[in-house]
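Note sheet for the following structure.
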């Protein structure tokens, strides 16, 4: 593979719903250009891209993969992404790195949740030039016309048909290129034919729509259009480049990846009408003070490269995937990690093609590759020159909200579990692990059940650690609603010096997230040196409340009397006396259970509003506000008990057919209803009995 300059590179992120055929499209491009000699299939794990055992086992993509395709003296870097929601972090990676988007649509199923998500992230949010490819049109259950009409209705008038299938006897036998007004038949693909008479009027109608859209982007073309003159080939090319780059034209092509139809013209469309990286002209980076810095997108600019993905390989070590944002990355060179404030040595540079690593001497601006064995570099770091330090914003990953408590099946695997999770978190920015000192649980967070299952499977296959999962323990709190006081008297005599401590403590409610300690001792009944151990003894007790053993908050404890022995009184005795006073008084102070309440934001299409509101109410939630965002989705703000939201990620997906998402953050504690408190207390006592 030769070196490619910035004006020769097209970085294309491939998006769409799971099962639409994204990997198959890229596979077909590789096969057509003879980069691979066998066309693999996803369902048996033989594709060039989905080579990981976990992908073979599941029959779908779970990782973001790279595939460079050389076509007509251009290089297309395909970034293939998973379409299933549980692997949305990999999709976020691809969208960040891609400069253009290819959205693959299933010709049978039409627009699905993954199609809509791809549109929102790529076309709406990042404003990437976008092409649609309707795949599987040779399937007997495909509905091409319906799918195209749905695309135009859903995504607007910027969607234009550029290629349409020819049906004979209910089967697809070829396709018509609208721009060229020529037909290609699969039985004789080399020579174009005339458009069938039955479709001629329809083709002219589509051509007129494209011509008008082309005219809108350029004053000269607009003048010619309104004068009724036909555009020549060069004018069409000029207008399309302008329209596709601006987002005013989003072409729709069609074909079949497995049938190897439409692939060549798709690659033509990408290389002809998608902008190269060089056409950006400038990009924005940040300096050490986060001020914006403009860099030229060419090889003469100072080097900067963004690390967008990390793979920890047990044999090779750490592989850092990067995109050269400016300048040239050379092998055997010294670079600087601006985020880690550390120098790195570049040894070998690779171009990644699925599971294959192809060694190259350098990477030019806009190109994508990988380097190995960087000591300090992680995902989202920037490599640059020390005398021109810059960095780029981190990838915006979706927040993992589904949590399971995990533990190794054997005690001996605790260290291996720690190493495995740490390495997987380097590879996947949507994994989060919390070590909860209060509940003594390690809680693993992911995007859904399949994501959690993937993590656990990788721990077993890659790091030889088997783990067990359970529902996380919710962190309740306890408090009191009344006043109570008690004496705690500790006296111990074992011969020789004894131990003696005597305190009277009053407990009452207060507005605090912790215990407030006060003293009202008169006449030296308890010397001052015993105040701190008394306070410490009470604080130790507050770690476990009288109801269910949860931490106690909102209590004022006042030491108001007591006694001491000039010889036997010791700090440890007063700590123990405080414990005795706590145990006597707290059950009489009207203890109450507090449950955590979270602020929840749910975003979903408006048609699901009624279902979501009803569901939130069933979860004892309170809807605080509702609004419609810029994308037309309903945004619901609510307050819901944390205990009711433990599996909400899965349930929201089911209610909205994968179109809904949410985030939740802790807000406050409030008194739990009696039926809830009784259940929580019973469960806590059962755990303690175990």
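Residue numbers (the numbering used here): 705 to 1394. Just so it is clear, CB atoms sit at the ideal spot from N, CA and C, and this is done for glycine as well. Predicted model, so just to flag it, every value in this text is computed and none were measured.
Counting the other Cβ atoms within 10 Å of the Cβ of residue 706 gives fewer than 16, which makes it exposed.
In the three-state DSSP reduction, residue 1361 falls in the coil class, being neither helix nor strand.
The beta carbons of residue 1192 and residue 1116 sit no closer together than 8 angstroms.
Remark: C-beta atoms of residue 811 and residue 863 do not approach each other more closely than 8 angstroms.
Rounded to the nearest whole angstrom, the CA to CA distance from residue 1353 to residue 1077 is 37 angstroms. By the 16-neighbour rule on beta-carbons within 10 angstroms, residue 1063 is exposed.
Annotation for residue 1206: the continuous beta strand (DSSP E) segment containing it runs 1203-1213. The Cβ-Cβ distance between residue 1014 and residue 1048 does not fall below 8 angstroms. Residue ranges of uninterrupted beta strand (DSSP E) with 3 or more members, entirely inside the stretch 1017-1091 and ordered along the chain, are 1021-1030, 1037-1041, 1046-1050, 1053-1057, 1060-1064, 1072-1076 and 1086-1088. If you check the CB distance, residue 1315 and residue 1278 do not come in under 8 angstroms.
Taking 8 angstroms as the cut-off, the beta carbon of residue 997 is found no closer than this to the beta carbon of residue 1009. Counting every other CB atom within 10 Å of its CB across the protein chains shown gives residue 1392 a total below 16, marking it as exposed. Looking from the CA of residue 1158, the closest CA among 744, 713 and 766 belongs to 766.
Under the three-state reduction of DSSP, residue 1126 is assigned to helix.
Of the candidates 1184, 1183, 1142 and 1104, 1104 places its Cα closest to the Cα of residue 1153.
Between residue 1163 and residue 1156, the C-beta spacing is not below 8 angstroms. With a beta-carbon spacing of about 17 angstroms, residue 771 and residue 799 fall beyond the 8 angstroms limit used to define contacts. 726 is the residue among 726, 993 and 1177 whose C-alpha sits nearest the C-alpha of residue 836. Under the three-state reduction of DSSP output, residue 1321 falls in the helix class.
Beyond the five residues adjoining it in sequence on each side, residue 1271 comes within less than 7 angstroms, by CB distance, of 1201 in the same chain, given in chain order. Counting along the chain, the unbroken alpha helix (DSSP H) around residue 1167 starts and ends at 1153-1167. The alpha-carbon of residue 1151 is positioned some 28 angstroms away from that of residue 1073.
Taking each of 815, 861 and 1023 in turn and checking the Cα distance to residue 854, the smallest one comes out for 815. In terms of CA proximity to residue 1142, 1256 leads the group 959, 826 and 1256. Beyond the five residues adjoining it in sequence on each side, residue 986 comes within less than 8 angstroms, by CB distance, of 998, 999, 1000 and 1001 in the same chain, given in chain order.
For residue 1237, there is no enclosing beta strand (DSSP E); the enclosing alpha helix (DSSP H) has its first and last residue at 1235-1246.
Residue pairing of residue 1181 in beta bridges, as defined by DSSP: 1298.
Residue burial annotation: residue 754 is buried, with at least 16 other C-beta atoms found within 10 angstroms of its C-beta. Excluding its 5 nearest sequence neighbours in each direction, residue 1328 has C-beta neighbours in its own chain below 7 angstroms: 1341, 1342 and 1343, listed in chain order. Per DSSP, reduced to three states, the secondary structure at residue 1107 is strand. By a beta-carbon distance limit of 8 angstroms, residue 943 contacts residue 918. Their separation comes to about 3 angstroms. Distances from the CA of residue 1070 to each of 907, 1228 and 1030 were compared; the closest alpha carbon is that of 1030. Between the alpha carbons of residue 831 and residue 915 lies a distance of about 23 angstroms. Residue 970 is not a Cβ neighbour of residue 826, given a cutoff of 8 angstroms.
DSSP links residue 868 through a beta bridge to 880. In this structure, residue 807 lies away from residue 714, with their beta-carbon atoms at least 8 angstroms apart.
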